[in-house]
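> Take the sequence shown: its letter number 31 is residue 33 in the numbering used here, and every next letter is one higher.
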Amino acid sequence: MTESVSDNSSQLVSPVIRGLRLLRYIAQGGNTGNLSEVGRLIDVNRVTVMRLLATLEHERMIERLPQGGHRIGLSFLTMAAAGLGACDLVETGRRFLLRLCEGLGLSAYLVIMDGNDVVYVAREMPESGLISHIRVGSRVAAHLTAPGRSMLASLAPGDLEQRFAKSMPAPIRDKGPADFTQLKALLEEDRTRGCAWSFSGYETGINACAAAVRGASGEAVAALSVVGPEHLFTRDEAFATNVEAAVRQAAGELSLIAAGGLL
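1) Does the count of Cβ pairs from the region 115-127 and the region 178-196 closer than 8 Å reach three?
2) Under the rule that 16 or more other beta-carbon atoms within 10 Å means buried, what is ARG175, buried or exposed?
3) Nearest by alpha-carbon distance to HIS72: which of LEU112, ARG26, ALA144 is it?
4) Among LEU102, ALA218, MET127, GLU129, which residue has its Cα nearest to the Cα of ALA260?
5) Return the chain-ordered ranges of every beta strand (DSSP E) run that is complete within the region 35-100 and spans a minimum of 3 residues.
6) Given a threshold of 16 other Cβ atoms within 10 Å of its Cβ, counted over all protein chains shown, does HIS145 qualify as buried or as exposed?
7) Between which two residues does the alpha helix (DSSP H) holding ARG193 run?
8) Does DSSP put ARG175 in a helix, a strand or coil?
9) In the DSSP assignment, find the unbroken alpha helix (DSSP H) run with ILE136 in it and report its ends.
10) For PHE98, does the count of other Cβ atoms within 10 angstroms reach 16, so buried, or fall short, so exposed?
11) Measuring only from the beta carbon, is GLY85 closer than 7 Å to any heavy atom that is part of the ligand NAD?
12) Compare the Cα-Cα distances from SER202 to each of ALA213, PHE182, GLU232, GLN184 and report the closest residue.
13) I'd like to confirm the pairing. Which residues does DSSP put opposite ILE28 in its beta bridges?
14) Hey, out of ARG250, ILE64, GLU163, whose CA is closest to ARG216's CA?
15) Name the two residues that bound the continuous alpha helix (DSSP H) containing ARG250.
16) At what residues does the beta strand (DSSP E) containing SER109 begin and finish?
17) Is it buried or exposed for GLU2, if we count other Cβ within 10 angstroms and need 16 for buried?
18) Can you list, in chain order, the residues of its chain with a C-beta nearer than 6 Å to that of ALA240? Leave out the 5 residues immediately preceding and following it.
Written out as structure tokens, the structure is:
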């Protein structure tokens, strides 16, 4: 039997780990103008940063910007697109995002869980657009967002406690639950309601509604989320009701497809 790499840290290749840290830093918008600062942030020395940048640039994973620094290169984007395109959940999810976007006039996202974070993997936007820091590829602490909470609500109490009871991240700018007790209470409300709401939560002035997409065993494999300006929800109570119903219906239908092994 082949030994799992995750079970033996001695098999990890340090230069690869450093390169991935740098690539992730650039993908998240990090500036590479100050090599010493980059090295401090990814825990390598300045010379190593220089060599990693040269290697990634040679492989076209990154490219130089005219004003200095780097951005993700076309080879990386092509590879990422090929990987996402091969994921049937993403491709099928896009159809539901389009339906939600066109039907509600809101931005719609497909979100997956990665550890204690969520990653936004697909998006549809209305013609009016939306001022938001969330984009495809954004990574956010799960408990701070509506789609993250909708997926966390599906966890067994023991699993939830193992994730957060001893290492509950501090709230950001007073956003999100302050401690594990508050998180449990919030998730219980989400579980009972069948969806999660964020009212000017993670992003000020923007509301979000999300529902989990479940696989064959009932586990949350993704979440569908819609977001829009706060005033759209406050001026018309019926609008929020329609949004919740549409999101829950779409997540339920996508769950049937996922659970039925059609993906």
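Think of the CB as a built atom: it goes at the ideal place given N, C-alpha and C, for glycine as much as any other residue. The structure displayed is predicted, hence computed values, not measured ones.
Per the coordinate set shown:
1) These segments do not touch.
2) Here residue 175 is taken as the residue at index 173 of the sequence shown, counted from 1. Because the pLDDT of ARG175 is 48, which lies under 50, any placement of that residue in the model is unreliable, and the question is left without a value.
3) As a first step, residue 72 is located in the sequence shown; it is residue number 70 there, counting from the start. Shortest Cα-Cα distance from HIS72 to any of LEU112, ARG26, ALA144 involves ARG26.
4) One-based indexing of the sequence shown puts residue 260 at position 258. The shortest C-alpha separation from ALA260 is found at ALA218.
5) Those beta strand (DSSP E) runs which fall completely within the region 35-100 and span 3+ residues are 64-66, 72-74.
6) By one-based count along the sequence shown, residue 145 stands at place 143. Buried, by the Cβ-count rule.
7) Here residue 193 is taken as the residue at index 191 of the sequence shown, counted from 1. Residue range 182-195 is occupied by the alpha helix (DSSP H) that includes ARG193.
8) On the sequence shown, residue 175 is found 173 positions in, with the first residue counted as 1. The predicted position of ARG175 is uncertain, since its pLDDT is 48 and thus under 50; a value taken from the coordinates is nonetheless stated next. Coil at ARG175, not helix or strand.
9) Within the sequence shown, the letter at position 134 stands for residue 136. The continuous stretches of alpha helix (DSSP H) do not include ILE136, and DSSP gives it neither H nor E.
10) Here residue 98 is taken as the residue at index 96 of the sequence shown, counted from 1. With 16 or more Cβ atoms within 10 Å of its Cβ, PHE98 is classed as buried.
11) Among the components modelled here there is no ligand, and therefore nothing to report on the ligand NAD.
12) As a position in the sequence shown, residue 202 is number 200, starting the count at 1. Ranked by Cα distance from SER202, the first of ALA213, PHE182, GLU232, GLN184 is GLU232.
13) Taking the sequence shown and counting its residues from 1, one reaches residue 28 at position 26. When beta bridges are read from the DSSP output, ILE28 appears opposite no residue.
14) Within the sequence shown, the letter at position 214 stands for residue 216. The shortest C-alpha to C-alpha distance from ARG216 to any of ARG250, ILE64, GLU163 is the one to ARG250.
15) Translated into positions along the sequence shown, residue 250 becomes position 248. Where ARG250 is concerned, the enclosing alpha helix (DSSP H) starts and stops at 239-261.
16) In the sequence shown, counting from the first residue as 1, residue 109 sits at position 107. Following the DSSP letters along the chain, one finds SER109 inside the beta strand (DSSP E) bounded by residues 109-116.
17) Any property of residue 2 remains undetermined from this structure, which presents the chain solely from 3 to 265.
18) Here residue 240 corresponds to residue number 238 of the sequence shown, with the count starting at 1. Short of 6 Å from the beta carbon of ALA240, and not among the five residues preceding or following it, lies no beta carbon of its own chain.
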